[in-house]
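Working notes, beginning with the structure itself.
Number of protein chains: 2
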Amino acid sequence: MPEHVFRGILVPVLTPFRPDLSPDADAFVTHCRWLLNKGADGLAVFGTTSEANSIGLEERMALLENLIDSGISPSVLMPGTGTSALTDTVRLTEHAVEHGCAGVLMLPPFYYKAIDDDGLFASYAEVIQRVGSDALQIYLYHIPPISQIHLSLKLIGRLLSTYEDTIVGLKDSSGDWSNTETILREYPTLATFCGSEVFLLETLQRGGAGSITATANVNVAAIRKTFERWQEGDANKLQKEINSVRKAFEEYPLIPSLKAVTAKFYGSSDWCRVHPPLRDLGITDTEELIKSLTNLGFKM
Amino acid sequence: MPEHVFRGILVPVLTPFRPDLSPDADAFVTHCRWLLNKGADGLAVFGTTSEANSIGLEERMALLENLIDSGISPSVLMPGTGTSALTDTVRLTEHAVEHGCAGVLMLPPFYYKAIDDDGLFASYAEVIQRVGSDALQIYLYHIPPISQIHLSLKLIGRLLSTYEDTIVGLKDSSGDWSNTETILREYPTLATFCGSEVFLLETLQRGGAGSITATANVNVAAIRKTFERWQEGDANKLQKEINSVRKAFEEYPLIPSLKAVTAKFYGSSDWCRVHPPLRDLGITDTEELIKSLTNLGFKM
């Protein structure tokens, strides 16, 4: 049984970029500290929201090292390490383990499509065997709308029974609650996180571990409070409030809109910047979004 | 106007792997030499068929350097350099240009989906500006069944008019002949290659440059002959013959089946090996495929 398994609200941290699109390591540390101060239970750096697959391997590793050197404990870190290439995934995963990260969030290889369970099993198995460390704790990253790769129930079960000390959790960003619900029922020992806080109460009621959610970049305190009070009388009210904030963002492209609001919070337009192929939100949409959020009484 | 633009039959070269899944540089050189001796006009190394996105950046660059050091002229090389990450794409592209490669075949960034033309334009523009070399010649790589990214007619036109000396060609692996046909009609100055030899005659009849096709790994001589004789009386007969070979392969997963036949040709089962998430073809399917090919009178 693993010593430490994440639970609560984790943030797939937005990655700030300088004008030349290189990651801004200092602004990244500042945001990570702020998220932890506001109650985040962990930081799922280098996820989809972080635009991790748009930045280079060396840049990812340098950012992680700088984060830890700046005093963020690796015990709260769950970096994304899955790429389309086996050796690159192994390299990032070994790097995370060597730096003491408590877990890694691992995408399946996402270039080829229509891949069967045996191929996906072999991919994860090869990474686990190559890293070959008892300290490795993998959270499977299921995000078929973007990766276009489905992690089937059968595959999850096979990985879990073969590597019970290594496969400790899963983030389900399928957007399909019935899928999350089935995973929670079939694999109760797995630390399952919903990929959107709109499913937070339902996830916790069915024994789930919490949520790893993009919107936590701007709304972590309220989401964390909902997690904390999930068995209390105001839980439904809190859930409704965080849902309405999420809904406001979902009217716009998620990553650019989260960055636009973060830019406003830090008073730095640098934060608006996204890596191509994504595009900045633009002034009109930003103003509309801020207005919607203000009407909801939202404060970061 | 660029000095040299590819024309004819290019091979997206299969990448052989050792038992530890590292690329076998020597077997790779041997196969590249054989393909050129058999009539290939160029080698589109590190394409989809090459499993390039399943192997690491360092491995790709080392393989390319070894190929050139072994005496393969970079003037026949069109390496794939597009990844999901901007800096990695720039790194591979600069590396190819520095080593004198005549062109690069560039995938759009393929992690995020539902990306609009502006985002894709910005991605290519950023790479072109960063590489900043007159020697850079890009062949756009359109393979929506796998990348899940569509390069629209409008985007192609915009790239072409903005970077007329850099965007010189395109490989259309959409599998949709009407799409290829429209590109050929709208952009006659672009060196357009069909992604399957089944469209070879039609492509050439409409002013296209040729084909960059997976099956050329095993059938380059016959495909090259069809290209050479496209205006002769036996062209349709030759086209039918290469179609029937292609069809035999399409009954099975393409990359593993091409590797199985290549393994048979070189008498080395090492060639069967694929990287996860793909899987080897297996004995039964290999035997059936070889039987179908033998019935067609196929010889590598």
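Chains Z and U are the protein sequences, given in the same order.
Under this note's numbering, the letters of the first sequence match residues 376 to 675, in that order.
Under this note's numbering, the letters of the second sequence match residues 376 to 675, in that order.
Ideal Cβ placement from N, Cα and C applies to all residues, glycine included.
Given a threshold of 16 other Cβ atoms within 10 Å of its Cβ, counted over all protein chains shown, does asparagine 670 (chain U) qualify as buried or as exposed?
For the purposes of this step, residue 670 (chain U) is identified with residue 295 of the second sequence, where counting begins at 1. Exposed: under 16 other Cβ atoms inside 10 Å.
Which residues in the same chain as leucine 410 (chain U) place their Cβ atom closer than 8 Å to its Cβ, once the five residues preceding and following it in sequence are excluded?
The residue you call residue 410 (chain U) lines up with position 35 of the second sequence. Here the set comprises Val386, Val388, Leu418, Ala591, Asn592, Val595.
Assuming leucine 676 (chain Z) and tyrosine 514 (chain Z) make a contact with CB atoms under 8 Å, what is their CB distance in whole Å?
Because chain Z is modelled from 376 through 675, residue 676 (chain Z) falls outside the range shown and cannot be assessed.
Given 8 Å, three or more beta-carbon pairs between the region 613–624 of chain U and the region 441–456 of chain U
no
Chain-order list of residues whose beta-carbon lies under 6 Å from that of isoleucine 658 (chain Z) (same chain, five-residue window excluded):
Within the first sequence, numbered from 1, the residue matching residue 658 (chain Z) stands at position 283. Nothing listed; no residue qualifies.
Is there a C-beta anywhere in chain Z that falls below 9 Å from the one on arginine 382 (chain U)?
Counted from its first residue, the second sequence places residue 382 (chain U) at position 7. Cβ-Cβ to chain Z under 9 Å: no for arginine 382 (chain U).
Could you tell me which residues DSSP puts in a beta bridge with aspartate 547 (chain Z)?
Position 172 of the first sequence holds residue 547 (chain Z). Paired residues: Z:His517, Z:Cys569.
What is the residue span of the beta strand (DSSP E) that glycine 422 (chain U) lies within?
As a working note, residue 422 (chain U) is residue 47 in the second sequence. Element bounds for glycine 422 (chain U): n/a, residue is neither H nor E.
By how many angstroms is the C-alpha of leucine 530 (chain U) removed from the C-alpha of glutamate 561 (chain U)?
As a working note, residue 561 (chain U) is residue 186 in the second sequence. As a working note, residue 530 (chain U) is residue 155 in the second sequence. Taking the straight line joining both Cα atoms gives about 12 Å.
C-alpha gap between aspartate 493 (chain Z) and phenylalanine 485 (chain U), whole angstroms
Translated into positions along the first sequence, residue 493 (chain Z) becomes position 118. Translated into positions along the second sequence, residue 485 (chain U) becomes position 110. Those two C-alpha atoms are separated by around 23 Å.
Per-residue DSSP class, three states only, for phenylalanine 392 (chain Z):
Residue mapping note: residue 392 (chain Z) aligns to position 17 of the first sequence, counting from 1. In the structure shown, phenylalanine 392 (chain Z) sits in a strand (DSSP, three-state: E or B).
Scan the region 487–499 of chain U for residues whose Cβ lies nearer than 8 Å to a Cβ of chain Z and list them as they occur along the chain.
Tyr487, Lys488, Ile490, Asp491, Asp493, Gly494, Leu495, Ala497, Ser498
So threonine 468 (chain U) packs on valine 506 (chain U), CB below 8 Å; how close in whole Å?
Taking the second sequence and counting its residues from 1, the one referred to as residue 468 (chain U) is at position 93. Taking the second sequence and counting its residues from 1, the one referred to as residue 506 (chain U) is at position 131. With a Cβ gap of about 5 Å, threonine 468 (chain U) and valine 506 (chain U) count as contacting.
Figure out for me which residue from Z:Ser397, Z:Ser429, Z:Leu438, Z:Asn428 has the closest Cα to the Cα of valine 404 (chain Z).
Position 29 of the first sequence, counting from 1, holds the residue named residue 404 (chain Z). Nearest option by C-alpha distance: Z:Leu438.
Buried versus exposed call for proline 651 (chain U) [16 or more other C-beta atoms within 10 Å across all chains shown]
Your numbering for residue 651 (chain U) matches position 276 in the second sequence. Under this definition proline 651 (chain U) is a buried residue.
Can you list the alpha helix (DSSP H) stretches of 4 or more residues lying completely in the region 608–642 of chain U, in chain order?
610–624, 629–641
Output needed in chain order: residues of the region 503–528 of chain Z with a Cβ under 9 Å from some Cβ in chain U.
Pro520, Ile521, Ser522, Gln523, Ile524
Just verifying my parser: in three-state terms, what is the DSSP assignment at proline 483 (chain U)?
Stepping through the second sequence from its first residue, residue 483 (chain U) is reached at position 108. DSSP places proline 483 (chain U) in coil when its eight states are reduced to three.
Buried or exposed for arginine 393 (chain U), please, with buried defined as at least 16 other CB atoms from any protein chain shown within 10 angstroms of its CB.
Position 18 of the second sequence, counted from the first residue, corresponds to residue 393 (chain U). Arginine 393 (chain U) should be labelled exposed.
Establish whether the CB of isoleucine 658 (chain Z) and some CB of chain U are separated by less than 9 Å.
Counted from its first residue, the first sequence places residue 658 (chain Z) at position 283. Closer than 9 Å: no.
So does the region 601–608 of chain U actually touch the region 620–640 of chain U, counting three or more Cβ pairs closer than 8 Å?
no
Which two residues bound the contiguous alpha helix (DSSP H) that contains glycine 585 (chain Z)?
The sequence position of residue 585 (chain Z) within the first sequence is 210, counting from 1. Counting along the chain, glycine 585 (chain Z) falls outside any alpha helix (DSSP H), though it belongs to the beta strand (DSSP E) covering 585–587.
Suppose the cutoff is 7 Å on Cβ atoms and the five residues either side in sequence are ignored; what does the same chain contact list for glycine 582 (chain Z) look like?
Translated into positions along the first sequence, residue 582 (chain Z) becomes position 207. So the qualifying residues of the chain are Leu559, Pro563.
Which residues in the same chain have their Cβ closer than 7 Å to the Cβ of arginine 604 (chain Z), if we skip the five residues on either side of it in sequence?
Here residue 604 (chain Z) refers to the residue found at position 229 of the first sequence. The residues are Ala610, Leu613.
How is isoleucine 384 (chain Z) classed by DSSP in three states: helix, strand or coil?
The count along the first sequence starts at 1 and reaches residue 384 (chain Z) at position 9. Three-state DSSP puts isoleucine 384 (chain Z) in a strand.
Cα-Cα separation, threonine 567 (chain U) to isoleucine 598 (chain U)
In the second sequence, counting from the first residue as 1, residue 567 (chain U) sits at position 192. In the second sequence, counting from the first residue as 1, residue 598 (chain U) sits at position 223. Approximately 17 Å, taken between the alpha carbons.
Locate the alpha helix (DSSP H) running through glutamine 606 (chain Z), then write down its first and last residues.
Taking the first residue of the first sequence as position 1, residue 606 (chain Z) is located at position 231. That residue, glutamine 606 (chain Z), is in no alpha helix (DSSP H); it is neither H nor E in DSSP.
With distances taken Cα to Cα, identify the nearest neighbour of alanine 460 (chain Z) among Z:Gly475, Z:Ile542, Z:Ser425, Z:Tyr499.
Translated into the one-based positions of the first sequence, residue 460 (chain Z) becomes position 85. Comparing Cα positions, the closest option is Z:Tyr499.
Pull up the CB-CB distance for leucine 653 (chain Z) and tyrosine 487 (chain U), whole angstroms please, since I reckon it's below 8 Å.
Residue 653 (chain Z) sits at position 278 when you count from the first residue of the first sequence. Residue 487 (chain U) sits at position 112 when you count from the first residue of the second sequence. That belief holds up - the Cβ atoms of leucine 653 (chain Z) and tyrosine 487 (chain U) are roughly 6 Å apart, short of 8 Å.
Please tell me whether arginine 654 (chain Z) has its Cβ less than 9 Å away from any Cβ of chain U.
By 1-based counting over the first sequence, the position of residue 654 (chain Z) is 279. Yes, its Cβ sits closer than 9 Å to a Cβ of chain U.
Would you say glycine 455 (chain U) and serine 429 (chain U) are within 9 Å of each other, going by their C-beta atoms?
Taking the first residue of the second sequence as position 1, residue 455 (chain U) is located at position 80. Taking the first residue of the second sequence as position 1, residue 429 (chain U) is located at position 54. Going by C-beta atoms, glycine 455 (chain U) is not nearer than 9 Å to serine 429 (chain U).
Whose C-beta lies closer than 6 Å to the C-beta of asparagine 441 (chain Z) among residues of the same chain, with five residues either side of it excluded?
Your numbering for residue 441 (chain Z) matches position 66 in the first sequence. Once the five neighbours on either side are set aside, the close Cβ partners of asparagine 441 (chain Z) are Ala400.
Please report the Cβ distance between isoleucine 503 (chain U) and tyrosine 538 (chain U), rounded to the nearest whole angstrom; I am assuming they are in contact, meaning their Cβ atoms lie under 8 Å.
Working through the second sequence from its first residue, we reach residue 503 (chain U) at position 128. Working through the second sequence from its first residue, we reach residue 538 (chain U) at position 163. 6 Å between Cβ atoms; contact.
Cross-chain neighbours of glutamate 501 (chain U) in chain Z, by beta carbon under 8 Å:
Sequence index remark: in the second sequence, residue 501 (chain U) carries index 126 (1-based). Under the 8 Å cutoff, chain Z gives Leu396, Pro651.
So, helix, strand or coil for isoleucine 430 (chain Z), using DSSP?
Working through the first sequence from its first residue, we reach residue 430 (chain Z) at position 55. Isoleucine 430 (chain Z) falls in the coil class under three-state DSSP.
Measuring CB to CB, does leucine 432 (chain U) end up less than 9 Å from aspartate 463 (chain U)?
Counting from one through the second sequence, the residue named residue 432 (chain U) turns up at place 57. Counting from one through the second sequence, the residue named residue 463 (chain U) turns up at place 88. Cβ atoms of leucine 432 (chain U) and aspartate 463 (chain U): closer than 9 Å.
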